[in-house]
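In the working numbering, the protein residues as written are 536 to 786.
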Ligand code: PGA
């Protein structure tokens, strides 16, 4: 797949509202000059969403959330619903990030429920899948990502799958500085693409220690449609540079 590119910044639990404002002061000054073939998404913490919505209005940068509940409202202390996000113009929501799976009991089942709600509410789910180091060493990588992908999109019509985004994030590569070699990432992403009917046109992003040094090697791969960036998305200059480098040289 060529042309379509998405680079999404996952800020995790970083930046107060004041720091978010400083980020946009610097980043939005550059955003207009970035390649128009790349869709840019920023996913700040919930507390920075109202401010981000104001700052991003009328810009090309889309607003994402890092999580949401599958119910639309109810007695779920500490949770945030899809309508609450939509009210602020959120367009994308990261679902099933490995940190949510590991620290907050996110399961394939809750990922599935959240995907269905996101789609029903008109939000683009960015579904994260990936294996642990133990699973990789045990030769279970392909099984793991296929199981996660099929579970996430169970019952979703093949034509709807063009509207979702998948992020392949090997867990051992997240925040460790040890990225998965681009050709191997591309291979696994091909396995993900082949795991369900309807994923041919689905953007699949790589995530896990993607940075300025390695982004071009991913951009050159046929199955890679962009990146889900943690650490390197926190700095406005680095993030802008990374977006620039996410475009394949021939494009
Ligand atoms: P990283 O995080 O770029 O800091 O490795 C990626 C992610 O967790 O989405």
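Beta carbons are placed, not taken as given, at the ideal position from N, Cα and C, and that holds for glycine.
- Residue 693 carries a helical assignment under DSSP once its states are collapsed to helix, strand and coil.
- Not one heavy atom of the ligand PGA falls within 6 Å of the beta-carbon of residue 749.
- Put simply, of 544, 579, 623 the residue whose alpha carbon is nearest the alpha carbon of residue 554 is 579.
- The C-alpha of residue 574 lies about 25 Å from the C-alpha of residue 730.
- Between the segment 768-780 and the segment 696-705, the count of C-beta pairs closer than 8 Å stays below three; the two stretches do not touch.
- Secondary structure of residue 771 (DSSP, three-state): helix.
- When the beta-carbon positions are compared, residue 666 and residue 705 come within less than 7 Å of each other.
- Cβ contact annotation for residue 733 (same chain, cutoff 6 Å, sequence separation greater than five): 693, 696, in chain order.
- Across the structure, residue 751 and residue 760 are spaced so that their CA atoms are roughly 12 Å apart.
- Distance check between residue 559 and each of 646, 663, 545, 596 places 596 closest, using alpha-carbon atoms only.
- Note on geometry: alpha-carbon atoms of residue 625 and residue 690 lie some 25 Å from one another.
- Take residue 718, set aside five residues on each side of it, and the residues of its chain with a beta-carbon closer than 8 Å to its own are 756, in chain order.
- Distances between the C-beta of residue 743 and the heavy atoms of the ligand PGA include at least one below 6 Å.
- Exclusion of the five residues before and after residue 648 leaves 605 as the residues of its chain whose Cβ lies within less than 6 Å of its Cβ.
- Check the Cα spacing between residue 576 and each of 584, 620, 599, 589: the tightest is with 599.
- Bounds of the alpha helix (DSSP H) holding residue 590 are 584-591.
- In this structure, the straight-line span from the alpha carbon of residue 582 to that of residue 735 is close to 36 Å.
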